[in-house]
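Okay, so the sequence shown: first residue is 136 according to my numbering, each after it adds one. Each residue gets a CB set at the ideal place from its N, CA and C atoms; glycine is no exception. As structure tokens, the structure follows; a few thoughts come after it.
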Amino acid sequence: MKKYLILFLISFHGLWAQVQFEAKVSKNTLGLNERLRIDFTMNADGDNFSPPSFEGFRIIAGPSQQVSQSWVNGRSSFNKSYSYFLLPTQKGALTIKQAAVEINGQIYKTNPIKINVTAAVPQPRDPNDEPQVSANDAIHLVAEISKGNPYVNEPITVVYKLYFSYNIGITNWRELNKPKYNDFWSQNIDIKQLVAEEGKYNGEKYRCVVLRKTVLYPQKSGKLEIEPLSLDIDVQVPTNRRNFFGQVQVVEDNKRVSAGSKTITVKPLPEVGKPIDFSGAVGRFNFSVTPSKTSLKNGESLDLKVVASGTGNLKLFTLPKPVVPNSLEMYDAVHNEKVSTPLSGMNGQISDSYTIIPQFKGKYPIKPMTFTYFDLSLGKYKTITSPEIIINVLDGPTSENNAVATTTGVAKMKVNAGEQFRFIKLKTTLSPFHKKDFLGSTLFYILTFLPLLIIPIIVLLKKKKEAIDGDVVGIKIKLSNKLAKKFLSEAKQQIQNKELFYIALEKAMHNFLKAKLKIETSDMSKDIIQEILLSRNVKEEAVNTFIDLTKNCEFARYAPSSSVAIQQDYDKAVAIISELEKQIS
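Here it is in structure tokens:
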């Protein structure tokens with residue numbers, strides 16, 4: 136009976152101590168302008184927490200971590216949680232996918248949670264908190280198009296400008312929908328730095344920022360639509376409330392703007408006067424055909440370069456191909472482009488380079504080549520014709536009629552009877568019948584004295600290695616820096632993202648202490664860390680620096696900081712981990 140009772144108690148205790156990891160949300164239905172809180176909680180200490188992607192939501196705060204442990208009637212309870220505050224970015228039925236954590240070597244996952252997002256709901260406010268201006272009237276996104284009725288392959292530009300009032304401030308913005316340019320060839324122009332300048336919108340003064348510049352080449356005629364650019368913008372709007380010093384207080388608001396779709400009416404190129412060989416070049420061009428040489432010997436080769444240069448759709452048409460006699464063997468072209476695309480459109484040059492090898496002696500003409508383009512400034516077609524090129528092959532076999540090809544494209548060679556053995560090998564390479572003995576040869580002496588020369592080098596290398604191995608301090612410094620960079624590698628990868636950087640930095644510092652001090656995450660309070668480090672003969676200055684940096688990680692997630700400050704915190708973390716590695720005994 137006692138055996139069954141003990142087994143029952145053990146089973147009950149195992150059931151009671153089962154690991155739990157779950158996700159809880161503040162509400163399952165919310166408006167588009169409301170915030171959602173989600174907590175990921177576990178009843179055991181876990182590592183390597185992996186949050187879901189939060190598709191359809193934007194993280195506005197978090198993760199914030201909380202750890203609690205208590206003893207009640209001799210029983211201990213542990214709770215650890217990660218909290219996020221989210222703002223939905225779209226309406227409809229959304230799903231928050233699974234989060235994962237590693238506990239005692241096993242991976243645990245939460246259940247997916249369905250959230251219903253409705254239209255924005257009214258939210259009561261204090262009259263003093265009412266904004267002085269409306270974000271709807273203070274922000275405008277405009278797409279400025281250089282020309283609304285271009286020809287096919289005529290360049291136009293689209294410049295996206297954001298106008299915003301002097302009374303508001305913009306803290307962040309994100310692209311919700313990128314513009315799509317169906318039936319256009321497009322090239323974005325990089326904007327290295329956003330600069331706010333004074334501008335006018337509907338006759339009123341605004342601050343203006345150019346967000347995007349794009350060059351477009353329409354590829355077909357008719358009405359073509361440019362899909363809009365949409366932004367999600369975080370703004371600060373002044374209120375009627377003032378602080379203790381009389382300064383106007385601001386409230387955080389959110390605004391979504393769209394540039395609206397644009398329709399371009401594209402004109403076809405005129406059919407009247409269009410040459411047969413027109414390949415689609417539109418703009419203003421120069422054309423040339425240049426051989427590397429015109430006189431050559433049999434077996435030599437020449438390069439024939441076909442070049443079009445100027446301003447126009449250089450990447451969107453093909454160059455004409457030269458026509459050469461069958462007695463000249465021509466290989467496929469090597470295409471080269473030196474084209475830049477500023478806001479005015481493509482300019483530069485494109486070229487095709489052909490390698491030509493003559494087969495017989497004689498003079499061979501390369502026919503004139505024509506290049507046709509549509510001149511936008513004149514509104515008509517223009518044709519450039521290159522001059523005829525004569526290739527003079529000075530020697531070699533002669534072909535029948537000097538340049539007549541067979542039906543297979545290979546010319547027949549006429550050889551005189553007295554010259555039929557002309558191309559048999561005339562030079563030979565002879566080797567001596569009696570060879571010298573290896574003993575007493577140059578190779579013999581090299582192999583004999585080479586080991587004697589290597590011995591001093593080995594001795595010098597050995598002494599240098601002993602000197603390096605004897606430098607205990609230097610080795611320890613190298614190992615300390617290597618260990619610091621190992622723990623901080625993930626933080627360095629996230630150095631461009633402030634929030635993820637400080638999360639990774641704090642995690643790296645905790646993992647370093649766990650590895651060095653053999654303590655668990657639940658014991659990592661600042662007082663306990665300080666007490667343990669001091670007991671391990673670590674200098675108080677180093678301990679205080681480590682504690683201050685840990686506090687700074689928690690504070691810096693929610694405070695504005697520059698890339699310089701982030702880099703300084705990373706360098707400070709490398710230095711303090713290296714210092715602790717040397718001091719911990």
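Asked                                                                                                                      : Found
Distance between L329 and Y295 (C-alpha atoms, nearest Å)                                                                  : 12 Å
Nonlocal neighbours in the same chain, by C-beta distance under 8 Å from S512, ignoring five residues either side          : R419
Cβ neighbours of F299 in the same chain (closer than 7 Å, five flanking residues each side left out)                       : A273, I274, I305, Y341, R342
Cβ-Cβ distance between A234 and T224 below 8 Å                                                                             : no
For L366: DSSP bridge partner residues                                                                                     : E310, V392
Beta-carbon spacing of I280, I250 below 8 Å                                                                                : no
Exposure label - N687; buried when at least 16 CB within 10 Å                                                              : buried
Complete runs of the beta strand (DSSP E) confined to the segment 450–534 [at least 3 residues]                            : 463–465, 469–475, 482–493, 497–501, 505–510, 515–520, 524–528
Contact under 8 Å by Cβ, L222 with V392                                                                                    : no
Among Y508, E464, N389, the one whose alpha carbon lies nearest that of G447                                               : Y508
I501: CB within 7 Å of a non-hydrogen atom of the ligand PLP                                                               : Because no ligand of any kind appears in the structure shown, any question about the ligand PLP cannot be addressed here.
N-terminal and C-terminal residue of the beta strand (DSSP E) that E237 is part of                                         : 235–238
Enclosing beta strand (DSSP E) for T253 [first to last residue]                                                            : 248–253
Sheet register partners of H275 (DSSP bridge)                                                                              : Y298
Beta-carbon separation (whole angstroms), G166 vs A254, contact threshold 8 Å                                              : 7 Å
CB-CB length for I361 against I324, believed under 8 Å                                                                     : The pair is not a contact, with the Cβ atoms about 16 Å apart (cut-off 8 Å).
Per DSSP, the bridge partner or partners of D438                                                                           : T490
Under the three-state DSSP convention, the category F413 falls into                                                        : coil
Cβ-Cβ distance between D704 and L635 below 8 Å                                                                             : no
Buried or exposed (CB count within 10 angstroms, at least 16 for buried), V256                                             : exposed
Assumed close pair L454, V441 - CB separation to whole angstroms, cut-off 8 Å                                              : 5 Å
Coil, strand or helix - T542 by DSSP                                                                                       : Since pLDDT at T542 reaches only 33, below the 50 mark, its modelled position is unreliable, and no value is offered.
K717 versus H470 - alpha carbon distance                                                                                   : 60 Å
Where T577 falls: helix, strand or coil (DSSP)                                                                             : helix
Close Cβ partners of I663 (< 7 Å) along its chain, the five nearest in sequence each way excluded                          : none
Cβ-based burial, L351 [other Cβ within 10 Å; buried from 16]                                                               : buried
Alpha carbon of T425 to alpha carbon of L439, nearest angstrom                                                             : 6 Å
Proximity winner among Q484, F175, L595, E435, relative to V160 (alpha-carbon distances)                                   : F175
Own chain, CB closer than 7 Å to V673, minus 5 neighbours either side, in chain order                                      : L715, Q718, I719
V345 versus K327: straight-line alpha-carbon distance, rounded                                                             : 11 Å
T429 (DSSP reduced to helix, strand or coil)                                                                               : coil
Exposure of W308, with buried meaning 16 or more beta-carbon neighbours within 10 Å                                        : buried
For S747, the three-state DSSP class (helix, strand or coil)                                                               : Residue 747 is absent from the structure shown; the chain starts at 136 and stops at 720.
The segment 515–530 in contact with the segment 485–500 per 3-pair CB rule at 8 Å                                          : yes
Beta-carbon contacts of G357 that lie in its chain and below 7 Å, excluding the five residues immediately before and after : V401
Spatial distance of Y336 from N284 (CA atoms)                                                                              : 24 Å
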